[in-house]
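Undergrad:
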Amino acid sequence: MIYYIGIDISKYKHDFCIISNTGEVIVENNSFENSKKGFQSFLELLKSYNKSKVQIAFEATGHYSKNLELFLTNQGYSFMKMNPLIIHQFLKARSLRRTKTDKADSLTIANYLMSVPYKPNSNLLYNIFTLKSLCRNRELLVKERSKFYVLLTNELDLTFPELKPFFNNSFSTTLLYVLEKYINTDHISLMRDFDSIYKISRGKFSYAKFAKLKELAKNSVGHHDKNTDLLISTYVSIIKSFNDKIDPIDKQISTIIKELNPRMLSIPGLGELSAAVILSEYGDISNFSSPNKMLAFAGLEPSVSESGTIQNNGKMVKHGSGHLRYSIMNTSMIILRYSPTFYDYYLKKRSEGKCHRVALSHVCKKLIRVIHSLEKNNIDFDPSLLK
């Protein structure tokens, strides 16, 4: 006999029920605390059943389930995470009543689990969980840092408008060093320590550039005072602080992704950070039986409306992980610069009359199809095998 356990996850407690494959409700309206004591009480109950006959499922509800996931994994139990939207639709299909309680949800999850093939989460859980946490927090830090990039740019537009174009409109380590040490045009025009700047730039900042920068500062149309100097100094300090926090995260992400070594890294232009986000959001890609399911998970599939003889394909549904969708879109832009195969495909879509965004969405779909094939078959990217 198979035992189906549906768990409704919440912050302080988890409600659960157990039903058999005959539909008999064995445990109803029970719960355990989100604590070590609560987990142990749940484990004692599970020991009453043959571990190979137990199937556990709960909704993917952010970080509230992570401790339980790791606990179950360490105890040798498998579990299956489900899309809350699917559970909601399953409940609506079973009843017209608008009843939503934690106990009712756990029973719904157990019933749904009984109706679908059991696809437990991968044993890569810990690495994927860590990777996802690192990637999402890195994204938050990068977004916050971007705000101060904008504020610093606004001040430089007033005090030294020629500076950012001179550095190709990017805040390089060299530019931040110059601003941190000299702040304004008066000080920059009198710079003497070329060797220090040359070392910071790793040999990329030549003496000719050094002399040109001093000349630009001397003849700048910008205006500065003690207030603008204070703001520039503050913004540079904050940005460097963000960099100091982001760099170790990048190194840790790089370490984990190298250990996992996903085959998608063989795609030209797809770097470690992009691979980390994609892998961490999807989890075990082998759980996706087709690329279409991966597209649906990322919200990259078009909506379809069909009635009688009328059928319309609408806009991208944009359900699923926004982090994943954002990463895939940006990664596709970079891949176009490095992969002739993907760029030719992009041009083909453009020649069919599609605008840039629509053509790029087709590139995203192609990228997902390629990633699914590489990971499923455990092979490296080979452009000659693409249709």
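Every letter in the sequence shown is one number past the one before it in our numbering, and letter 223, counting from 1, is 1524.
Backbone N, C-alpha and C fix where the C-beta goes; we use that ideal spot for every residue, glycine too.
Values in this document were obtained by computation on a predicted structure and should not be read as measured data.
State buried or exposed for Gln1356, treating a residue as buried only when at least 16 other CB atoms are found within 10 Å of its CB.
TA: If you number the sequence shown from 1, residue 1356 lands on position 55. Classification for Gln1356: buried.
Undergrad: Can you confirm whether the stretch 1482-1497 touches the stretch 1516-1530 when touching is taken to mean that 3 or more C-beta pairs between the two stretches lie within less than 8 Å?
TA: The stretch 1516-1530 is in contact with the stretch 1482-1497.
Undergrad: Quick check on Glu1329: buried or exposed, where buried means 16 or more other Cβ atoms within 10 Å of its Cβ?
TA: As a working note, residue 1329 is residue 28 in the sequence shown. Per the 10 Å Cβ criterion, exposed.
Undergrad: Which residue wins for smallest C-alpha separation from Phe1511, given the options Asn1528, Lys1527, Met1492?
TA: In the sequence shown, the residue the question calls residue 1511 occupies position 210. It is Met1492.
Undergrad: Just to check my reading of the structure: Cys1540 and Leu1596 have Cβ atoms closer than 8 Å, yes? What is that Cβ distance to the nearest angstrom?
TA: Reading the sequence shown from its first residue, position 239 is the one you call residue 1540. Reading the sequence shown from its first residue, position 295 is the one you call residue 1596. Checking the displayed sequence, the identity of residue 1540 turns out to be Ile instead of Cys. About 37 Å separates the two Cβ atoms, so there is no contact after all.
Undergrad: Inspect the beta-carbon positions of Ile1557 and Leu1442 and report whether they are closer than 8 Å.
TA: For this step, residue 1557 is matched to residue 256 along the sequence shown. For this step, residue 1442 is matched to residue 141 along the sequence shown. Not in contact: Ile1557 and Leu1442 (Cβ atoms no closer than 8 Å).
Undergrad: Under DSSP, the alpha helix (DSSP H) around Glu1573 begins and ends at which residues?
TA: To locate residue 1573, count along the sequence shown from 1; it is residue 272. First-last of the alpha helix (DSSP H) with Glu1573: 1573-1583.
Undergrad: Any idea which residues DSSP pairs Ser1321 with across the strands?
TA: Stepping through the sequence shown from its first residue, residue 1321 is reached at position 20. DSSP lists Tyr1304 as partners of Ser1321.
Undergrad: Just to confirm, is the Cβ distance from Arg1626 to Leu1601 under 8 Å?
TA: Looking up residue 1626 in the sequence shown gives position 325. Looking up residue 1601 in the sequence shown gives position 300. Yes.
Undergrad: Would you give the residue range spanned by the beta strand (DSSP E) that Lys1382 belongs to?
TA: Indexing the sequence shown from 1 puts residue 1382 at position 81. Counting along the chain, the beta strand (DSSP E) containing Lys1382 begins and ends at 1381-1383.
Undergrad: Please report the straight-line C-alpha distance between Asn1613 and Lys1382, rounded to a whole angstrom.
TA: For this step, residue 1613 is matched to residue 312 along the sequence shown. For this step, residue 1382 is matched to residue 81 along the sequence shown. Because the pLDDT of Asn1613 is 49, which lies under 50, any placement of that residue in the model is unreliable, and the number read from its coordinates should be weighed accordingly. Cα-Cα distance, rounded: 32 Å.
Undergrad: Within the continuous alpha helix (DSSP H) that includes Glu1560, where are the two ends?
TA: Locating residue 1560 in the sequence shown gives position 259, counting from the first residue. That run of the alpha helix (DSSP H) goes 1527-1561.
Undergrad: On the premise that Ala1358 lies in contact with Phe1380, defined as a C-beta separation below 8 Å, what is that separation, rounded to the nearest angstrom?
TA: Looking up residue 1380 in the sequence shown gives position 79. Looking up residue 1358 in the sequence shown gives position 57. The Cβ separation is near 7 Å, so the contact holds.
Undergrad: Is the distance from the Cβ of Asn1588 to the Cβ of Lys1367 below 8 Å?
TA: Here residue 1588 is taken as the residue at index 287 of the sequence shown, counted from 1. Here residue 1367 is taken as the residue at index 66 of the sequence shown, counted from 1. Against a cut-off of 8 Å, the Cβ pair of Lys1367 and Asn1588 comes out as no contact.
Undergrad: Keeping to the same chain, check which residues put their C-beta closer than 8 Å to that of Phe1746; ignore five residues upstream and five downstream.
TA: The shown model of the chain, from 1302 to 1688, leaves out residue 1746, and the question about it has no answer.
Undergrad: Below 8 Å on the Cβ atoms is my contact criterion, and I expect Ala1577 with Cys1436 to pass it. Report the Cβ-Cβ distance as a whole number of Å.
TA: If you number the sequence shown from 1, residue 1577 lands on position 276. If you number the sequence shown from 1, residue 1436 lands on position 135. The Cβ separation is near 5 Å, so the contact holds.
Undergrad: If we define contact as Cβ-Cβ less than 8 Å, is Thr1642 a contact residue for chain D?
TA: The chain inventory of the structure shown lacks chain D, comprising one protein chain alone.
Undergrad: Pull up the DSSP beta-bridge partners for Val1326, would you.
TA: Taking the sequence shown and counting its residues from 1, one reaches residue 1326 at position 25. Per DSSP, Ile1320.
Undergrad: Can you have a look at Met1302 and say buried or exposed, based on whether 16 or more other CB atoms are within 10 angstroms of its CB?
TA: Translated into positions along the sequence shown, residue 1302 becomes position 1. Exposed, because fewer than 16 other Cβ atoms sit within 10 Å of the Cβ of Met1302.
Undergrad: Between the beta-carbon of Asn1335 and the beta-carbon of Lys1314, is there less than 8 Å?
TA: Position 34 of the sequence shown, counting from 1, holds the residue named residue 1335. Position 13 of the sequence shown, counting from 1, holds the residue named residue 1314. Yes. Within cutoff.
Undergrad: Would you mind giving the Cβ-Cβ distance between Ile1550 and Asn1438, rounded to the nearest angstrom? I have them listed as a contact below 8 Å.
TA: Here residue 1550 refers to the residue found at position 249 of the sequence shown. Here residue 1438 refers to the residue found at position 137 of the sequence shown. Yes, Ile1550 and Asn1438 are in contact; Cβ-Cβ is about 7 Å, under 8 Å.
Undergrad: Using the Cβ count rule (16 or more neighbours within 10 Å means buried), how would you classify Val1605?
TA: For the purposes of this step, residue 1605 is taken as residue 304 along the sequence shown, with counting starting at 1. Since pLDDT at Val1605 reaches only 46, below the 50 mark, its modelled position is unreliable, and no value is offered.
Undergrad: Enumerate in chain order the residues of its own chain whose CB-to-CB distance from Asp1681 is below 8 Å, with the five nearest sequence positions on each side excluded.
TA: Here residue 1681 refers to the residue found at position 380 of the sequence shown. Arg1564, Ser1567, Leu1675.
Undergrad: Applying the 10 Å Cβ sphere with the 16-neighbour rule, what's the burial state of Asp1268?
TA: Missing from the structure shown is residue 1268; the chain here goes from 1302 to 1688 and no further.
Undergrad: Do you know offhand how far Val1522's Cα is from Ser1502's?
TA: Stepping through the sequence shown from its first residue, residue 1522 is reached at position 221. Stepping through the sequence shown from its first residue, residue 1502 is reached at position 201. When rounded, the distance between both Cα atoms is 26 Å.
Undergrad: Does Ile1310 come out as helix, strand or coil in the three-state DSSP assignment?
TA: Residue numbering aside, residue 1310 sits at position 9 when the sequence shown is read from its first letter. Here Ile1310 sits in strand by DSSP.
Undergrad: How about Thr1362 and Phe1391: do their beta carbons lie closer than 8 Å?
TA: The residue given as residue 1362 occupies position 61 in the sequence shown. The residue given as residue 1391 occupies position 90 in the sequence shown. Not a contact, by the Cβ cut-off of 8 Å.
Undergrad: Looking only at its chain, what residues have a beta carbon closer than 8 Å to the beta carbon of Asn1593, apart from the 5 residues adjacent to it on each side?
TA: Sequence index remark: in the sequence shown, residue 1593 carries index 292 (1-based). Only Glu1602 meet the Cβ criterion.
Undergrad: Quick one: using the 10 Å Cβ neighbour count with 16 as the cut-off for buried, is Cys1656 buried or exposed?
TA: As a working note, residue 1656 is residue 355 in the sequence shown. The residue in question, Cys1656, is exposed, as its Cβ has fewer than 16 Cβ neighbours within 10 Å.
Undergrad: Just the C-alpha distance for Ile1489 and Lys1666, rounded to the nearest angstrom, thanks.
TA: Start at 1 with the first residue of the sequence shown, and residue 1489 comes out as number 188. Start at 1 with the first residue of the sequence shown, and residue 1666 comes out as number 365. Using only the alpha carbons, I get a separation of about 49 Å.
Undergrad: Looking only at its own chain, which residues have a Cβ that is under 8 Å from the Cβ of Ser1628, when we skip the five neighbours before and after it?
TA: Indexing the sequence shown from 1 puts residue 1628 at position 327. Excluding sequence neighbours, Ser1628 sits near Ser1575, Val1578, Ile1579, Glu1582.
Undergrad: Taking the alpha carbon of Lys1500 as the reference point, which residue from Lys1312, Thr1475, Glu1445 has its own alpha carbon closest?
TA: The count along the sequence shown starts at 1 and reaches residue 1500 at position 199. Of the candidates Lys1312, Thr1475, Glu1445, the one whose C-alpha sits nearest the C-alpha of Lys1500 is Thr1475.
Undergrad: Using a 10 Å radius around the Cβ and a threshold of 16 neighbouring Cβ atoms, would you call Thr1323 buried or exposed?
TA: For the purposes of this step, residue 1323 is taken as the residue at position 22 of the sequence shown. Exposed, by the Cβ-count rule.
Undergrad: Taking its Cβ as the centre, do 16 or more other Cβ atoms sit within 10 Å of Gly1504, making it buried, or is it exposed?
TA: Counting from 1 along the sequence shown, the entry for residue 1504 is found at position 203. Flag for Gly1504 reads exposed.
Undergrad: Does Asn1455 pass the burial test, meaning 16 or more other C-beta atoms within 10 Å, or should it be called exposed?
TA: Here the question's residue 1455 lines up with position 154 in the sequence shown. Counting Cβ neighbours within 10 Å, Asn1455 comes out exposed, since fewer than 16 surround it.
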